[in-house]
Structures are given as C-alpha cells and as structure tokens.
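Protein chains in written order, with the working numbering: chain A, 22 to 316; chain B, 587 to 705. Just so it is clear, CB atoms sit at the ideal spot from N, CA and C, and this is done for glycine as well. Remember, it's a predicted structure, so these values are computed and weren't measured experimentally.
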Amino acid sequence: MAELAAVIASTHHPFYYRASTATGADRPPFADEWVAKIERFRETLTAAEPDVLVMVGSDHFHQLWLDNMPQFLVGKAPFFDANWHNEEREFGLPRMTLRGEEDLAAHILRDGLDRDFDLAFSNELRIDHSITCPIITLRPEADLPIVPVYTNIFAPPMPQPKRFVQLGRALREMVESWESDKRVAIIGTGHLSLELGGPRQFGEHGPDPEFDRKAVEWIASGDIEGCLAEVTLESLHHPGNATHGFMDFMLMMGAAGEGQKADHVDTLDLFHTMEAYFTWYPNGVPSRGAAEVRS
Amino acid sequence: MSKYLLDKFLFTVDRDPELTERYREDPAGTVEWWEREMAGTLLNAIAAEKTTWLAFDDEERRALREHDHVALFQMGAHPFLTLTLFIAVFERDHGPLEYQKAYGKAMEHVTMPYPDITT
C-alpha cells in the first residue's frame, strides 16, 4: 500500500511568486523574510521524499462556473496545464504543465463514490493558483505527478464545514489504501480571515486577527472538534467575506487527524492576510531536515 | 434581477483580454453589445444553442455601464469577480495597492451583513 509521507496545509498567496523573484527597488520589504519562511517550509516536503502529490485547492471561477458547479471535483488526466490569463495579468504567474497521476485519481474517484462522496471528475482541467502556488512554494521543480482535488468555497450553497473534514479523513484513508509502493503527500491550501471585493480588503493585516489566532491554534493542535464547535457556514462571513476558504484548512485537519499536532507551524503577518504553514508527518519526522522541521 | 447574469458578464469579460480592454474603453457600448449578443450564449455550446430569457434590469445595466463596483457589491454580484475585473481595468492608473485600498474605502459605509451572493 502507498505510504502517506506528509500532510501539508498552507495559504496560497498569489503575490509570492512576484515578491520572491523581484529585485532592486521592485522587491518589497517583506520579501526576504517571506522567502526564508517558505524555504524552511519547502524543506518539510523535500524531507518527506514524496513521489506523488494529492493537491487540494479551490477553483477561483476559472474552469468551474455557476452554470454547472461541482462541490468536490477530482482531476483525472495525464497532464494539467496551469494558470490562467487573468492570473498572469494580476500576479505575474507563469504558465506551467504538470503531470497527472491517473491511477491514484481513478482510485480516489471509485473509492470516494463508494464512501458516499458524490465526486465530480474532469478529464481536462486547467488548474489555477490555489494549486500552482503550493507548487511554486513547495516544489518549484514541478517534477512530481499530481491529483488535483477542487473544492467549492466560493459559490453558495456550499457544503457544511464538517463535510470538508470528512472528505479530508477519507482522502487520507484512500491514499493509504492505494495499491502502490509510492510515497504520497497530501497538500491543501486555504485561507485564514480574508476579505476580497469588500470594505475590509487590503488592510495592514488580515481583517480578523483574533480569528486568525484561533484558527492557527486549531490547526496546529489538530483541534477539529473545537474548530467545528465554532465554525459554521454563517459564522465564516464575519472574519471576512472570503473566509470560507478556511474550510480547505479544515479538510486538511481531517487528513491530519483529530488531536494530531503539526510538526511544523509557521506564520507571517503579511499585509491584508495572515500567511500560515503547517506540516504533519503521519509516520514520524524524517531524519533529513528534522532540525528545520521542528523549528 | 439576475445576479447570475451579472456574474456571467464579469466572468466572461475578466477572462478575455480583448473584452477587458473593450469594457475599459467603452463600458456602455460593451454592456449593450454583450447583453444583445452574449448574455444568452451557453458557455460550452455553439451559438445556436442560446438561452432565451436572460436580461439585466435597469439598475444592473447602469451599474455595469458606469463601472459602479459599490452598486455591484450591494446587488450581490460576486465580489471576487468584480474585484479582479476592476483591478484589470483600473490598477494600471495607480500606484501599488492604491486602487485596491481606494476600492475598499469606497465601500466603508457598507456594514455587515453583506448582501447575499447566492445566485
């Protein structure tokens, strides 16, 4: 059976690529600290020596749209082209091509349906920055095959938060039941408090630092029950109108497991949002890079 | 009112660089053309397979013609779509984050609960 080498959750800030590659007067003052944190975070994946990446992200109305909106969708294709015109325009993101892992995608679809998740699938999926940003931060070589899993955190009505946790648990079990000798990392990206297109957008900090503090604590300590006791579809409007992306963090908490403390926790208080990075090693911290991981 | 059609306009114009420029240069003409020619087009079908019933109301049409993002927000247009398109249209005329912050400030009188964006 496949081995779950790491579970990784992070934000997916599309400005990272431009900030980290900028030079001279164009380089923002926070870039060096941001890059240093990302490089430590990257080592947590490198140390796990993965062969395959299951990547959970939220489509931003790129390929998924209101005329036919899935709640959870698995990409099953040999290749995925990535990033869209409006992401190049706004964030300077590069075009990319990533290989798919169709056998694992097929397994997740079959097993997921049998577990009562009505998963949609796509044989032709152009992926966007919720999945390419963690490639850029965690695996810039972009050399590993992926299984993209898209969630709807954008278009009401959405699934309840507990459903995201349940899918995370199931994804872990499905990865671990895959008949393969491969090492698999599950990587998912979400948001803490975030406002887009509303009056609280682009402030000096995230719109709700108190929510962010609690959210980081829930994730870092694996406190799924505590999180579910406070977070509802209705309550997520209060920390910022785009905060439903936090449900992708909840999905990753499900993959990591109740009460599982993260082996790597880091944050960066960036303008308009709090960046956050978490890594769990279900089978123990790998020896390579252990000192960094525990920092 | 058709929040879906508002979102469909924002979605289709944001993803097409020619349409984005056309909407920047001639918003009223673009909205008129789009509603006449594009509103009924099913996005994954040939032109002949049209929807026949979609139309803006007067206030929606006015808000789009006038680049009025505050009104669009208050009508429940999806704020991500409005934000990304209007950044494309206006950010070039401003310093770093200047437009985005002004955009937020123009809506500071809007309080919770925000309009429902359900289509």
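For this session: Tell me where the beta strand (DSSP E) around glycine 96 (chain A) begins and ends.
Result: Per DSSP, glycine 96 (chain A) is one residue of the beta strand (DSSP E) stretching across 93-96.
Exercise. My guess is that methionine 273 (chain A) and glycine 189 (chain A) are in contact by the Cβ rule of under 8 Å, so how many angstroms apart are they, rounded?
Worked result: At roughly 6 Å, the Cβ-Cβ gap stays under 8 Å, so methionine 273 (chain A) and glycine 189 (chain A) are in contact.
Problem set entry | Separation of histidine 34 (chain A) from glycine 266 (chain A), as counted between CA atoms | If I take the Cα positions, the gap works out to 12 Å.
Problem set entry | Contact list for isoleucine 673 (chain B) against chain A, beta-carbon separation under 7 Å | Correct list: Glu111.
Problem set entry | For lysine 636 (chain B), the residue or residues it bridges with in DSSP | DSSP output for lysine 636 (chain B) lists B:Thr627 as bridge partner(s).
Problem set entry | aspartate 88 (chain A) CB to nearest heavy atom of the ligand COA below 8 Å | Among the ligands in the structure shown, none appear at all, so the ligand COA cannot be discussed.
Exercise. So, using beta-carbon positions, are aspartate 72 (chain A) and leucine 192 (chain A) closer together than 9 Å?
Worked result: Taking 9 Å as the Cβ cut-off, aspartate 72 (chain A) and leucine 192 (chain A) do not qualify as a contacting pair.
Exercise. Of all Cβ atoms in chain B, is any one closer than 9 Å to the Cβ of glutamine 181 (chain A)?
Worked result: Taking a beta-carbon distance threshold of 9 Å, glutamine 181 (chain A) does not count as an interface residue toward chain B.
Exercise. Does the beta carbon of leucine 134 (chain A) come closer than 9 Å to any beta carbon on chain B?
Worked result: Closer than 9 Å: no.
Exercise. Who are the near neighbours of tryptophan 199 (chain A) in its chain, counting only those whose CB is closer than 6 Å to its CB and skipping five residues on each side?
Worked result: Here the set comprises Ala23, Leu125 and His128.
Exercise. Can you check whether the CB of threonine 616 (chain B) is closer than 9 Å to the CB of glycine 626 (chain B)?
Worked result: No.
For this session: Name the residue from A:Leu85, A:Asn107 and A:Asn304 whose alpha carbon lies nearest to the alpha carbon of glutamate 145 (chain A).
Result: Distance check between glutamate 145 (chain A) and each of A:Leu85, A:Asn107 and A:Asn304 places A:Leu85 closest, using alpha-carbon atoms only.
Problem set entry | Neighbourhood of methionine 624 (chain B) by C-beta, 7 Å cutoff - its chain only, sequence neighbours within 5 removed | Hits under 7 Å: Thr598.
Exercise. Are the C-beta of histidine 655 (chain B) and some C-beta of chain A separated by less than 9 Å?
Worked result: So yes, histidine 655 (chain B) belongs to the interface.
For this session: Closer than 7 Å, Cβ to Cβ, to anything on chain A: give me those residues from the segment 588-620 of chain B, in chain order.
Result: So the list reads Tyr590, Asp593, Phe597, Asp600, Arg601 and Pro603, given in the order they occur along the chain.
Exercise. For serine 308 (chain A), which residues from the same chain have a beta carbon less than 6 Å from its beta carbon, with the 5 sequence-adjacent residues on both sides left out?
Worked result: Within the same chain, no residue comes within 6 Å of serine 308 (chain A) by CB-CB distance, once the 5 residues on both sides are set aside.
Exercise. If you run the structure through DSSP and keep just helix, strand and coil, what is glutamate 14 (chain A)?
Worked result: This structure leaves residue 14 (chain A) out entirely; chain A is present only between 22 and 316.
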